[in-house]
Amino acid sequence: MDVSVRKNPAMDVSDLCREEDSSVESSQKHKGPESHTAKKNIIDSIFKVGFELEHKIISELKSFKRLLSPDYPECSERDRYVDEGHNRVREGLLKVTLLLLRKMNQTDLADTLQTKLMPVYQQKLRSRLQDKYQRLSEGLSNHGDSTRLNEIYTELYITEGGSGEVNNEHEVRQIETVSRRPETQETPINCNDIFKPSPGQDKPIRTVLTKGVAGIGKTVSVQKFILDWTEGKANQDVHFIFPLPFRELNLIQKHLSLVDLLNHLHTETKELKSADYEDYKVMFIFDGLDECRLRLDFQNSRSLSDVTESASVDVLLTNLIKGNLLPSALLWITSRPAAANQIPPECVHQVTEVRGFNDPQKEEYFRKRINDPSLADRIVTHIRSSRSLFIMCHIPVFCWISAAVLERMMGKAESAEIPKTLTQMFTHFLIFQTKLKTQKYDRKYEINPDQARKTILSLGKLAFEQLEKGNLIFYEEDLKESGIDVREVSVYSGVCTQIFREESGLKLGKVFSFVHLSIQEFLAALFKLLSSSELNTGLKNEFRSPMISLLKREVDKALQSENGHWDLFLRFLLGLSLESNQTLLQGVLRKTVSSSDINQETAAYIKQKIRENPSPEKSINLFHCLNELNDRSLEQEVQTYLSRTGIDRLSGVSLSAAQWSALVFVLLNSEEDLDEFNLRKYDRSEECLLRLLPVIKASRKIDLSWCGITQKGCAALISALRSNPSHLTELDLSGNKLGDSGVKLLSALLEDPHCKLKKLHI
């Protein structure tokens, strides 16, 4: 019998002894031809193990004794334990030693020993987090290859500060707005410096709230922050970092203490005492507040200050964020903008925003991603030629999607038209993913079209139903509600390898998601189109209406949404209604359901809605919808006036409401620099000011001098600027009759703590 301590190094001493006793007893009872010599060898091996174990115990106890001596050089022993932190035998012996010391009422010695061994626990945590976060899978599921984060990481544009206002626009519209804003207006901040006070700011920062639209790079920033800490590159004053993503916290239903929660998710530090969390510098990272399905009630949640007291997870979180629990701990919370206001402003000491890639970083990404420099140049040129595509490339995931599509189409001289709209780009992306070919021994296997179709329909149903609920992540019960067998998820992620994924490495359950919200919106739109065109699929009656009625109804639905929730979905739905895009999807669509009459009638309906003069934000999205339908007639009408030179280009011109909206859309999506806006360039009138407010909001310097602005125009201007006043630095209102009320409004604007106005002329 070969017995070794290494067989189970974490085994208790008593367990090992019991095992050996039973082994001897078993061998003695065994009726066989063993010789007396064989029995003697077994007994000798047992005593040999005993002597080895005794030697190890004595050796380790001596090292513990030296460690407890006040005269012993602390650093050398500490370094030794950091180097040998993976020795699980030592860990087991340490438990026995601590237990015996406490049973002997030597509590102080036990605490001292445990404190001096803190680097052991710290190093174990560092090692696991480094293993977990050192690799990045760009949009890939578990089926794909990953790359070392440090090799491909492109620094994201992160800005310090924020207005705290709730933005009710669709996130793509927010990206479009940000794209107009010169970077000189923002204060960039390195990801590793978010807890460092700004110059002149003395108060320490406890809680940082980082905002950013879906897929902009918040989670990757968290990953890089943790990786740099584990590699000793930054924030080495922090002893322990505990990532606590909301998508995993959602799965915890039982009551438990904060210490129990940490021990459950981060077992490496379970030997820490409750007091250690206050003595050491600890950081909690809560990634994905927008994914939180817990009810965070900061008003009525019971107060909790003991880290060993049990409560529901939502109570633990609210007390951590409010500072009742571990007030010395650092907190980093990431969120999409719409959910950020769940955290009371008084609980946040610094707001940062991930802006994704700025223009140079977009090009840097494509040149890193595409190995062929000439192909990378052509791809960058094409992306720049389409304003909507170039703007979307602020989002790193969209850069990855575009690179995947364009590298294949432009690198292999395919005859298909190169995508210029979002719908075309996502359509080609879907086609490529469902036609992924596995090469083995130079043979190619294509995925079965029927299986691909079934998968896309199932995923589309999931996408649509969860989009209605506002969910970006899904759990097993969500999949079951959409009719997806959880046991067959590998089939779905296999057919759509880079579209749908199951997150790995979670301890509490399975979490699923689409690679990006825009992919979910695209699949939801495709499902809506497919289910409305097939009357005998057993789907609900609402999907069975004629195509034109469906499209009109969805236009109305998007206009009625206060937060722009259905804006991009509508763009995709209208784009997919084109016969050209349906032809591309003929492997999925068994029959086309489009015609030029449907497209023309839909475009006419959208123009009617523009004439009814909805909000500027709604109008802008409707023009994007017209672009998806290849209708640019309204834009072409106003381009005639913009082609004029000099000032007062619109003087004497009577524009309709639809033409004014078209003018705003054209200006916001042009290459023209709007950093400095001069109203006299267009028309010196208050009406022109009111019509062009969405354009003015994007400017840093605004010249409205001698333009006949009254109290009414001043009030509208101030209201528009209040939505995000941090970027305006110069405002000239001289030569206008603003009245006392107008001056008071300007004074109130200047008192806004987020106002960065440096020059005001009145």
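Under full-length UniProt numbering, the residues of the sequence shown are numbered 1 to 762, in order.
Idealized CB from N, CA, C, for every residue including glycine.
Task: Buried or exposed (CB count within 10 angstroms, at least 16 for buried), Ala604 - done: By one-based count along the sequence shown, residue 604 stands at place 604. So Ala604 counts as exposed.
- [ ] Using 7 Å as the cut-off, classify the Cβ of Tyr133 as near or not near the heavy atoms of the ligand HEM, replying yes or no.
- [x] Inclusion of the ligand HEM in the displayed structure is not the case, the ligand content being empty and no account of it being possible.
Task: Contact between the region 396-407 and the region 513-522 (3+ Cβ pairs under 8 Å) - done: yes
- [ ] List the endpoints of the continuous beta strand (DSSP E) containing Ile285.
- [x] As a first step, residue 285 must be located in the sequence shown, where it is residue number 285. Run containing Ile285: Val282 to Phe286, per the beta strand (DSSP E) assignment.
- [ ] Verify whether the separation of the beta carbon atoms of Ser643 and Asp683 is less than 8 Å.
- [x] Numbered from its first residue, the sequence shown carries residue 643 at position 643. Numbered from its first residue, the sequence shown carries residue 683 at position 683. It is not a contact, given that the beta carbons lie outside the stated cut-off.
Task: Nearest neighbour of Phe569, chosen from Ser532, Ile598, Ser699 and Lys528 [CA to CA] - done: Numbered from 1 along the sequence shown, position 569 holds the residue referred to as residue 569. Answer by Cα proximity: Lys528.
Task: Glu268 to Gly323 span [Cα, whole Å] - done: The residue given as residue 268 occupies position 268 in the sequence shown. The residue given as residue 323 occupies position 323 in the sequence shown. In a straight line, the C-alpha of Glu268 is about 25 Å away from that of Gly323.
Task: Proximity of Thr207 and His349 at Cβ, strictly below 8 Å - done: On the sequence shown, position 207 is the one that residue 207 refers to. On the sequence shown, position 349 is the one that residue 349 refers to. Yes, the pair counts as a contact, with Cβ atoms nearer than the cut-off.
TODO: Could you tell me how far apart the beta carbons of Ser482 and Lys469 are, in whole angstroms, since I believe they sit closer than 8 Å?
DONE: For this step, residue 482 is matched to residue 482 along the sequence shown. For this step, residue 469 is matched to residue 469 along the sequence shown. Rounded, the Cβ-Cβ distance is 11 Å, inconsistent with contact.
Task: Straight-line gap, Leu316 to Asp202 (C-alpha atoms, nearest Å) - done: Counting from one through the sequence shown, the residue named residue 316 turns up at place 316. Counting from one through the sequence shown, the residue named residue 202 turns up at place 202. Computed Cα separation, rounded: 29 Å.
Open item on the list: Measuring only the C-alpha atoms, how far is Lys420 from Leu389?
Closed with: The residue you call residue 420 lines up with position 420 of the sequence shown. The residue you call residue 389 lines up with position 389 of the sequence shown. The alpha-carbon atoms of Lys420 and Leu389 are separated by roughly 7 Å.
Task: Three-state secondary structure (DSSP) of His382 - done: The count along the sequence shown starts at 1 and reaches residue 382 at position 382. His382: helix per DSSP, three-state reduction.
Task: DSSP three-state assignment for Leu258, whether helix, strand or coil - done: Locating residue 258 in the sequence shown gives position 258, where the first residue counts as 1. Three-state result, Leu258: helix.
TODO: Express the C-alpha separation of Leu663 and Tyr641 in angstroms, rounding to a whole number.
DONE: Here residue 641 corresponds to residue number 641 of the sequence shown, with the count starting at 1. Here residue 663 corresponds to residue number 663 of the sequence shown, with the count starting at 1. Each residue's Cα considered, the two are about 9 Å apart.
Open item on the list: Since residue 784 and Phe623 should fall inside the 8 Å C-beta cutoff, what is the C-beta to C-beta distance between them, to a whole number of angstroms?
Closed with: Within the shown structure, residues of the chain are numbered from 1 to 762, placing residue 784 beyond reach of any answer.
TODO: Hey, could you find the ends of the beta strand (DSSP E) Arg369 is sitting in?
DONE: Within the sequence shown, numbered from 1, the residue matching residue 369 stands at position 369. Where Arg369 is concerned, there is no enclosing beta strand (DSSP E), although the alpha helix (DSSP H) it sits in stretches over Asp359 to Arg369.
TODO: Tell me, to the nearest whole angstrom, how far the beta carbon of Asp287 is from that of Val222; I am working on the premise that it is less than 8 Å.
DONE: Numbered from its first residue, the sequence shown carries residue 287 at position 287. Numbered from its first residue, the sequence shown carries residue 222 at position 222. Contact holds; Cβ gap of about 5 Å.
Open item on the list: My assumption, with CB atoms under 8 Å, is that residue 784 sits in contact with Asp290. Please give the rounded CB distance.
Closed with: This structure cannot speak to residue 784, because the chain is shown only from 1 to 762.
TODO: Below 7 Å CB to CB, which residues in the same chain sit around Arg378 once its five sequence neighbours on both sides are set aside?
DONE: Position 378 of the sequence shown holds residue 378. Excluding residues within five positions, the ones whose Cβ falls inside 7 Å are Met410.
Open item on the list: Extract the residue ranges of the beta strand (DSSP E) inside the UniProt domain "NACHT" (206-339), only unbroken runs of 3 or more that lie entirely within it.
Closed with: 207-211, 240-243, 282-286 and 330-335
Task: Phe298 to Cys755 span [Cα, whole Å] - done: In the sequence shown, counting from the first residue as 1, residue 298 sits at position 298. In the sequence shown, counting from the first residue as 1, residue 755 sits at position 755. Using only the alpha carbons, I get a separation of about 29 Å.
TODO: Could you tell me the distance, in whole angstroms, from the CA atom of Lys480 to the CA atom of Leu760?
DONE: Walking along the sequence shown from the start, residue 480 turns up at place 480. Walking along the sequence shown from the start, residue 760 turns up at place 760. Answer to the nearest angstrom: the Cα atoms are 59 Å apart.
- [ ] Could you pull out every residue in the same chain whose Cβ sits closer than 7 Å to the Cβ of Thr537, ignoring the five residues on either side in sequence?
- [x] Here the question's residue 537 lines up with position 537 in the sequence shown. At Thr537 the pLDDT is 45, less than 50, meaning the model places this residue with poor confidence; the figure from the coordinates comes in the next sentence. The residues are Ser531.
TODO: Run the CB neighbour count on Asp567, radius 10 Å, all protein chains shown included, and call it buried at 16 or more, exposed below.
DONE: If you number the sequence shown from 1, residue 567 lands on position 567. By the neighbour-count rule (16 or more Cβ atoms within 10 Å), Asp567 is buried.
Open item on the list: Quick test of the definition: if touching needs 3 or more C-beta pairs under 8 Å, does the region 364-373 touch the region 225-244?
Closed with: no
Open item on the list: Assuming Glu169 is part of the beta strand (DSSP E), what are its boundary residues?
Closed with: Mapped onto the sequence shown, residue 169 falls at position 169. Looking at the DSSP string, Glu169 is not in any beta strand (DSSP E), and its letter there is neither H nor E.
Task: Contacts around Lys557, its chain only, beta-carbon distance under 7 Å, and the 5 residues preceding and following it disregarded - done: As a first step, residue 557 must be located in the sequence shown, where it is residue number 557. Excluding positions up to five away in sequence, the list reads Trp566.
Open item on the list: Quick check on Lys701: does DSSP put it in helix, strand or coil?
Closed with: One-based indexing of the sequence shown puts residue 701 at position 701. Looking at Lys701 - three-state DSSP - the assignment turns out to be strand.
Task: Test item: CB-CB of Leu559 and Glu628 under 8 Å - done: By 1-based counting over the sequence shown, the position of residue 559 is 559. By 1-based counting over the sequence shown, the position of residue 628 is 628. For Leu559 and Glu628, no; Cβs fall outside 8 Å.
Task: Beta-carbon separation (whole angstroms), Leu109 vs Leu100, contact threshold 8 Å - done: As a working mapping, residue 109 is identified with position 109 in the sequence shown. As a working mapping, residue 100 is identified with position 100 in the sequence shown. Their Cβ separation, rounded to whole angstroms, is 10 Å, which puts Leu109 and Leu100 out of contact at 8 Å.
Task: His761 (DSSP reduced to helix, strand or coil) - done: Within the sequence shown, residue 761 is the residue found at index 761, counting from 1. If DSSP states are grouped into helix, strand and coil, His761 belongs with the strands.
TODO: For the beta strand (DSSP E) holding Ile158, just list the boundary residues, first then last.
DONE: To locate residue 158, count along the sequence shown from 1; it is residue 158. Start and end: Ile158 to Glu160.
Open item on the list: I need the boundaries of the alpha helix (DSSP H) containing Thr352, first residue and last residue.
Closed with: As a first step, residue 352 is located in the sequence shown; it is residue number 352 there, counting from the start. Run containing Thr352: none in the alpha helix (DSSP H); it sits in the beta strand (DSSP E), Gln350 to Val354.
Open item on the list: Cutting at 7 Å between CB atoms, please list the residues of its own chain near Pro188, excluding the five before and the five after it.
Closed with: For this step, residue 188 is matched to residue 188 along the sequence shown. Once the five neighbours on either side are set aside, the close Cβ partners of Pro188 are Tyr157, Ile158 and Thr159.
Open item on the list: I believe Asn669 touches Gly708 by the beta-carbon criterion, under 8 Å. Please report the beta-carbon distance rounded to the nearest angstrom.
Closed with: Locating residue 669 in the sequence shown gives position 669, counting from the first residue. Locating residue 708 in the sequence shown gives position 708, counting from the first residue. Contact flag wrong, Cβ pair sits at about 28 Å.
- [ ] Pick helix, strand or coil for Pro753, following the three-state DSSP scheme.
- [x] By one-based count along the sequence shown, residue 753 stands at place 753. It is coil, neither helix nor strand.
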